[in-house]
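Participant:
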Amino acid sequence: MTFELQHTDSSSDARTGLITTDHGQIKTPIFMPVGTCGSVKGVHFSELRQQVKAQIILGNTYHLYLRPGLQVLRNAGGLHAFNGWDRPTLTDSGGFQVFSLTGIRKLKEEGCEFRSHIDGSKHIFTPENVIDTQRIIGADIMMAFDECPPGQSDYQYARNSLHLTQRWLDRCIKRMNETEPLYGYNQTLFPIVQGCTFKELRREAAKHVADKGADGNAIGGLAVGEPTEVMYEMIEVVNEILPKDKPRYLMGVGTPQNILEAIERGVDMFDCVMPTRNGRNAMLFTYNGTMNMRNKKWENDFSPIDPDGCDVDLVYTKAYLHHLFKAQELLAMQIASIHNLAFYLRLVTDARTHIENGDFTTWKRSIIEQLGRRI
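Just so you know, the sequence shown maps onto residues 0 to 374 in numbering that gives the first Met the number 0.
1. As a quick exercise: from His322, Arg86, Leu181, Ile218, pick the residue whose alpha carbon is nearest that of threonine 196.
2. Taking a contact to mean a Cβ-Cβ separation below 8 Å, would you say valine 252 touches arginine 202 in this structure?
3. Below 8 Å, can you find three or more Cβ-Cβ pairs linking the region 109–118 to the region 43–54?
4. Do the region 28–47 and the region 275–286 make contact, defined as three or more Cβ pairs closer than 8 Å?
5. Where tyrosine 315 and alanine 335 are concerned, what is the direct C-alpha to C-alpha distance, given to the nearest angstrom?
6. Check whether the region 251–265 touches the region 315–325, counting contact only when three or more Cβ pairs, one atom from each stretch, lie closer than 8 Å.
7. Would the beta-carbon of leucine 161 fall within 8 Å of that of methionine 175?
8. I'd like to know whether the C-beta atoms of aspartate 267 and proline 28 end up nearer to each other than 8 Å.
9. Using the rule of at least 16 other Cβ atoms within 10 Å of the residue's Cβ for burial, across every protein chain shown, is arginine 247 buried or exposed?
10. Out of curiosity, what's the CA-to-CA distance linking valine 33 and alanine 209?
11. In whole angstroms, give me the CA-to-CA distance for leucine 168 and isoleucine 240.
12. Which residues share a DSSP beta bridge with isoleucine 29?
13. Taking only three categories from DSSP, how would you classify isoleucine 367?
14. Our contact map puts threonine 15 next to histidine 6 with C-beta atoms below 8 Å; I'd like the distance itself, whole angstroms only.
15. At a cut-off of 7 Å, would you count isoleucine 136 as near the ligand NAP, judging by its Cβ distance to the nearest heavy atom?
16. Since isoleucine 354 is in the alpha helix (DSSP H), which residue starts that stretch and which ends it?
17. Does the Cβ-Cβ distance between isoleucine 130 and threonine 178 come in under 8 Å?
18. Where do the ends of the alpha helix (DSSP H) carrying arginine 114 lie?
19. Return the first residue and the last residue of the beta strand (DSSP E) that lysine 121 is part of.
20. Helix, strand or coil: which one does DSSP assign to leucine 221?
21. Quick check on proline 226: buried or exposed, where buried means 16 or more other Cβ atoms within 10 Å of its Cβ?
22. Between Thr360, Asn287, Cys271, Gly357, which has its C-alpha nearest phenylalanine 30's C-alpha?
23. Let me know the secondary structure DSSP gives glutamate 3 once reduced to three states.
24. Have a look at methionine 290 and aspartate 21 and give me their C-alpha separation to the nearest angstrom.
25. Only counting runs of 4 or more residues, tell me where the alpha helix (DSSP H) segments fall wholly within the region 73–100, in order along the chain.
26. Among residues of its own chain, excluding the 5 on either side of glutamine 369, which ones have a beta-carbon nearer than 8 Å to its beta-carbon?
27. Three-state secondary structure (DSSP) at isoleucine 258?
Printed below as a string of structure tokens:
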């Protein structure tokens, strides 16, 4: 994987770049739709390519490990061959999911023992077997195994957790260097910066990660309950240290406002389940704010869903989508998911254009408040 830094904003840390993988190129800043189990919920790949214009999607190691399982993925020739997605993919290490299994997981130096949320069966993730698992899945970008501590962790817990993550990272890198890709194309490993909301720990983590010289780096453990302004502060602290010539991936974030604020602070890559999860629950994102399509106010509104937004939606009216949600038609969730994903991709594409034009900060300030309005 390579990264070419292309443009920088004169009044902020926003920048554009080009990531090149063996499955294609990714223009940054970029939003990556989440395909947890090998699919983006309710959205065909043809729609992701043509309407959403997705350049890369995610899979999740924990979920793919449990279903369909490593043997099926190995027999298929990896996730790309299994699901037919021919563009780049990224896999989370499964750390966040495992550590979310409160009460059915046990953390220790070797790794993390846990019980499947599906059938209660017992498993263990270690830095080594998580690398092996991601080799089998075959993602272009793999994530190091880390502990994602609770957002309100005290300093001592956060410090111990970070040092465990650092030791695990060293083991991940060693295992990565001992193994080879399985399917004839290259894979790369991103370390993850942790440290909760403690500046000292975030700086230590960023320095440790930067010294590894990876092709890209991730920022984890944010948007997990801390105040939004604290999240932005942690991004600034970390990005002062992470190398500027490598892509920076902010994991699991977030709202359209979060994304623009993070772009302004030098972040290049994003993922979040919000576009599809909120879409399935009738919330649409637009440049004018968010809309709850179950509200009666849309019942006789025959204007397009988003007349100033994504072309994909112009054939649907607000009244029609309102009707579909009230009737509990599956098409409602599909339309809303496609709309929201297309909006997120348009948002980062527009951000890229304004960075190139040199007016990103002005543009961002002109729209940031209305993005969060309830229409």
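Glycine included, each C-beta is placed from N, C-alpha and C at the ideal position.
Facilitator: Judging by the given coordinates:
1. Ile218
2. no
3. No: fewer than three Cβ pairs fall under 8 Å.
4. yes
5. 11 Å
6. no
7. Not in contact: leucine 161 and methionine 175 (Cβ atoms no closer than 8 Å).
8. yes
9. buried
10. 26 Å
11. Going by the C-alpha atoms only, they are around 18 Å apart.
12. Met268
13. helix
14. 4 Å
15. The ligand content of the structure shown is nil, which means the ligand NAP is not present either.
16. 329–356
17. Taking a C-beta distance under 8 Å as the contact criterion, isoleucine 130 and threonine 178 qualify as a contact pair.
18. From DSSP, arginine 114 is part of no alpha helix (DSSP H) but of the beta strand (DSSP E) over 111–114.
19. 121–124
20. coil
21. exposed
22. Cys271
23. In the structure shown, glutamate 3 sits in a strand (DSSP, three-state: E or B).
24. So the two alpha carbons sit approximately 39 Å from each other.
25. The qualifying runs are 78–82, 94–98.
26. Tyr286, Asn287, Gly288
27. helix
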